[in-house]
Amino acid sequence: MEGPNPISPLRRTILELLYVVLLLLVSSGRTEQTDIRIVGGYACEKGQPWQAALFYDQLYCGGVLINKDWVLTAAHCKQPGVLISGRDCPPISCCLLFAFYNLKQPDESEQRRTASKLIPHPNYNPNTKDNNIMLIKLTTPVQFSNKVYPIALARSTTAPGTTCVMSGWGTAKYPIRTLTYCTNLQIVSAAECQKAYPGSFTNNMLCAGVAERGTDPCQVDSGGPLVCGGALHGIVSWGFGECALPQKPAVYIKISKYINWIQATIRGG
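Read left to right, the sequence shown gives residues -31 to -1, 1 to 238 (mature numbering (1 follows the signal peptide of the UniProt record, and there is no 0)).
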């Protein structure tokens, strides 16, 4: 029986070239994916005085100071089980830092507080992320300064196309950023959000993003602020798959829908 026909030198050369081209294409695709997953934006100046950082065993969520005793965040930031703190906070507690800018270099203006109550919205649905909002009552009030003070709550919606600022420490891959980062985003119309997330986007939510990929909230940004015109319009809630995907703007809880609940909860202590 005759053996298989040997591959000619020319054919071998062609196959080797095709193999090299294939490797280059795969490598190029991987590089692009890595780049687009990194959240864009710029290092904030030390000017996010309402920004809170939530710690258990590490920085895991953002939050927003709304008065001396209360912080808003996302309901899914409520962690079950034993709470272990970080950044020199008391053990077995939810720890919040204010005027927190540099993860590696503590600042004398930082204020550390623990949580006495975590109150998620009673209608929070962890499956749909509807009503994904939570109030945290601080054990002791913060001391207001030029680096720590609350933000006003938006009582009405803002128009599509409005430029807003989101801030946090997130990247698509750990480790998280060392500095607080800010990102400029545009409010997306409800119709576009419905198109991007059919059946998942509700009237309690809003979307913000950019037309091109590369800038978006990501890991540890949940619960962080979306600020438009000096008022809090949203807190980071959820997104689709990888961070900063095109045509998939991040979804925020619409603060104006929750003013009554926030006020009633604070009055009830």
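Just so it is clear, CB atoms sit at the ideal spot from N, CA and C, and this is done for glycine as well.
All values derive from a computational prediction rather than experimental measurement.
Taking all protein chains in view, the Cβ of residue 110 is surrounded by fewer than 16 other Cβ atoms within 10 Å, so the residue is classified as exposed. In this chain, the beta strand (DSSP E) harbouring residue 203 covers 200 to 207. Rounded to whole angstroms, the gap between the alpha carbons of residue 199 and residue 135 is 12 Å. Of the other Cβ atoms in all chains shown, 16 or more fall within 10 Å of the Cβ of residue 123; this residue is therefore buried. Per DSSP, the continuous alpha helix (DSSP H) segment holding residue 164 begins and ends at 159 to 165. Approximately 11 Å separates the beta-carbon atoms of residue 172 and residue 222; this is outside 8 Å, ruling out the contact. Under the three-state reduction of DSSP output, residue 133 falls in the strand class.
The straight-line gap separating the alpha-carbon atoms of residue 32 and residue 191 is approximately 8 Å. Residue 138 holds the alpha-carbon nearest to the alpha-carbon of residue 73 among 97, 127, 138.
Just measuring C-alpha positions, the residue of 232, 150, 220 sitting nearest residue 14 is 150. Per DSSP, the unbroken alpha helix (DSSP H) holding residue 235 starts and ends at 228 to 237. Collapsing the DSSP output to three states places residue 85 in a strand. Burial state of residue 86 is exposed, judged by a 10 Å Cβ sphere holding fewer than 16 other Cβ atoms.
Burial check for residue 76: the Cβ neighbour count within 10 Å stays below 16, so the residue is exposed. In the DSSP annotation of this structure, the continuous segment of the beta strand (DSSP E) that includes residue 32 starts and ends at 28 to 34.
A residue is called buried when at least 16 other Cβ atoms come within 10 angstroms of its Cβ; residue 11 does not meet this threshold and is exposed. Under the three-state reduction of DSSP output, residue 13 falls in the coil class, being neither helix nor strand. For residue 21, the three-state secondary structure derived from DSSP is strand. Going by DSSP, residue 193 is part of no beta strand (DSSP E) at all; its letter is neither H nor E. If you compare the alpha carbons of 125, 114, 43 with that of residue 79, the shortest gap goes to 114.
As a beta-bridge residue in DSSP terms, residue 177 pairs with 156, 219. Its chain contains 156 as the residues whose beta carbon lies nearer than 8 Å to that of residue 128, once the 5 sequence neighbours on both sides are disregarded; these appear in chain order.
Cβ contact annotation for residue 121 (same chain, cutoff 6 Å, sequence separation greater than five): 200, in chain order.
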